[in-house]
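In this note's numbering, the protein residues as written are 166 to 261. Glycine included, each C-beta is placed from N, C-alpha and C at the ideal position. Notes for the one structure printed next.
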């Protein structure tokens, strides 16, 4: 797994909490500008260890189209148990 986000350890922890076994967890600085050769190396390195390279959606969208096919992406969806419970919060924000 690799990530160039503000807190990459949270991404790696999310993967582990969902039963992913990380062969490696590679952290890059936030907004890291990946180049095609770097992505090729990451993909080859992962596959040589029998793993699938995975990253965040934020990182994946910045990859060149030809590199995206080599990399898996973790999508996270936020679901509110009680969406109506947010109404007071939004109302208070609109009134300030």
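Residue i: first and last residue of the uninterrupted alpha helix (DSSP H) it sits in
{"i": "residue 258", "result": "252-260"}
{"i": "residue 207", "result": "201-213"}
Cβ pair residue i, residue j closer than 8 Å
{"i": "residue 235", "j": "residue 208", "result": "yes"}
{"i": "residue 192", "j": "residue 218", "result": "no"}
{"i": "residue 204", "j": "residue 242", "result": "no"}
{"i": "residue 254", "j": "residue 245", "result": "no"}
Per-residue burial, residue i [other beta carbons within 10 Å of its own, 16 or more giving buried]
{"i": "residue 201", "result": "exposed"}
{"i": "residue 211", "result": "buried"}
Residues near residue i by beta carbon distance below 7 Å, same chain, minus five either side
{"i": "residue 181", "result": "187"}
{"i": "residue 190", "result": "166, 177"}
Residues near residue i in its chain [Cβ-Cβ closer than 8 Å; skip 5 each side]
{"i": "residue 195", "result": "169, 170, 171"}
{"i": "residue 239", "result": "176, 179, 180, 219, 220, 221, 222"}
Boundaries (first-last residue) of the beta strand (DSSP E) holding residue i
{"i": "residue 243", "result": "Residue 243 -> no beta strand (DSSP E), and no H or E assigned at all."}
>> Tell me whether the stretch 223-234 and the stretch 168-180 touch, counting them as touching only if at least three CB pairs, one residue from each stretch, are closer than 8 Å.
In response: yes
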